[in-house]
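Taken in order, the sequence shown gives residues 90 to 143; the numbers are from our numbering.
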Amino acid sequence: MSVENKKNIDEIQELYLKGLTFHYVNDVKEVFAIALTDEKVADAIDLSAKKTSK
(Lines of atoms letter the chains of each structure in order from A and count residues from 1; the text may use other names and numbers.)
(Lines give C-alpha, C1' and ligand atoms only; values in the text may rest on other atoms or scores of the structure.)
Protein backbone atom coordinates (compact mmCIF):
# COMPACT_ATOMS: atom_id res chain seq x y z
CA MET A 1 0.00 0.00 0.00
CA SER A 2 1.24 3.49 -0.73
CA VAL A 3 2.96 5.25 2.17
CA GLU A 4 0.53 8.10 1.53
CA ASN A 5 -2.37 5.84 2.60
CA LYS A 6 -0.89 5.03 6.02
CA LYS A 7 -2.72 7.97 7.58
CA ASN A 8 -6.03 6.40 6.50
CA ILE A 9 -5.19 3.04 8.05
CA ASP A 10 -4.22 4.77 11.30
CA GLU A 11 -7.82 6.06 11.53
CA ILE A 12 -9.36 2.54 11.45
CA GLN A 13 -10.23 0.92 14.76
CA GLU A 14 -7.78 -1.82 15.78
CA LEU A 15 -10.48 -4.49 15.96
CA TYR A 16 -10.99 -4.21 12.17
CA LEU A 17 -7.27 -4.54 11.52
CA LYS A 18 -6.70 -7.65 13.63
CA GLY A 19 -4.89 -10.31 11.60
CA LEU A 20 -4.00 -7.93 8.77
CA THR A 21 -0.49 -6.89 7.79
CA PHE A 22 0.19 -3.83 5.69
CA HIS A 23 3.41 -3.08 3.85
CA TYR A 24 3.83 0.58 2.96
CA VAL A 25 5.85 1.33 -0.16
CA ASN A 26 6.97 4.31 -2.20
CA ASP A 27 7.22 2.65 -5.61
CA VAL A 28 6.39 -0.54 -7.49
CA LYS A 29 9.92 -1.93 -7.08
CA GLU A 30 9.24 -2.24 -3.37
CA VAL A 31 5.99 -4.09 -4.11
CA PHE A 32 7.87 -6.61 -6.26
CA ALA A 33 10.49 -7.10 -3.52
CA ILE A 34 7.74 -7.96 -1.03
CA ALA A 35 5.47 -9.99 -3.31
CA LEU A 36 7.96 -11.94 -5.40
CA THR A 37 10.07 -14.06 -3.09
CA ASP A 38 12.36 -17.03 -3.67
CA GLU A 39 10.37 -19.03 -1.13
CA LYS A 40 9.08 -22.35 -2.48
CA VAL A 41 5.45 -23.28 -1.92
CA ALA A 42 4.58 -26.79 -0.79
CA ASP A 43 2.18 -28.56 -3.16
CA ALA A 44 2.33 -25.84 -5.83
CA ILE A 45 -0.30 -25.99 -8.57
CA ASP A 46 1.00 -26.42 -12.13
CA LEU A 47 -0.57 -23.59 -14.14
CA SER A 48 1.50 -24.10 -17.28
CA ALA A 49 -0.36 -24.36 -20.59
CA LYS A 50 -0.69 -27.86 -22.01
CA LYS A 51 -0.42 -28.58 -25.74
CA THR A 52 -3.39 -30.40 -27.18
CA SER A 53 -3.32 -32.61 -30.25
CA LYS A 54 -5.50 -31.65 -33.19
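Where is the CB? At the ideal position from N, CA and C, for every residue including glycine.
None of the values given here were measured: they were computed from a predicted structure.
Beta-carbon proximity check, residue i vs residue j, cutoff 8 Å
i: I91; j: V117; result: With the sequence shown as reference, residue 91 is identified as Ser, and Ile is not the correct amino acid for it. Not closer than 8 Å, so no.
Member of the options whose CA lies at the smallest distance from the CA of residue i
i: H112; options: Q102, L104, S137 and I98; result: I98
i: A124; options: L136, D135 and T110; result: T110
Where the alpha helix (DSSP H) through residue i begins and ends
i: K107; result: Where K107 is concerned, there is no enclosing alpha helix (DSSP H), given that its DSSP letter is neither H nor E.
i: E119; result: V117 to A124
i: I98; result: K95 to D99
Beta-bridge pairing of residue i - partner residues as DSSP gives them
i: S137; result: DSSP, once it has assigned bridges, lists no residue as partnering S137.
i: S91; result: V114
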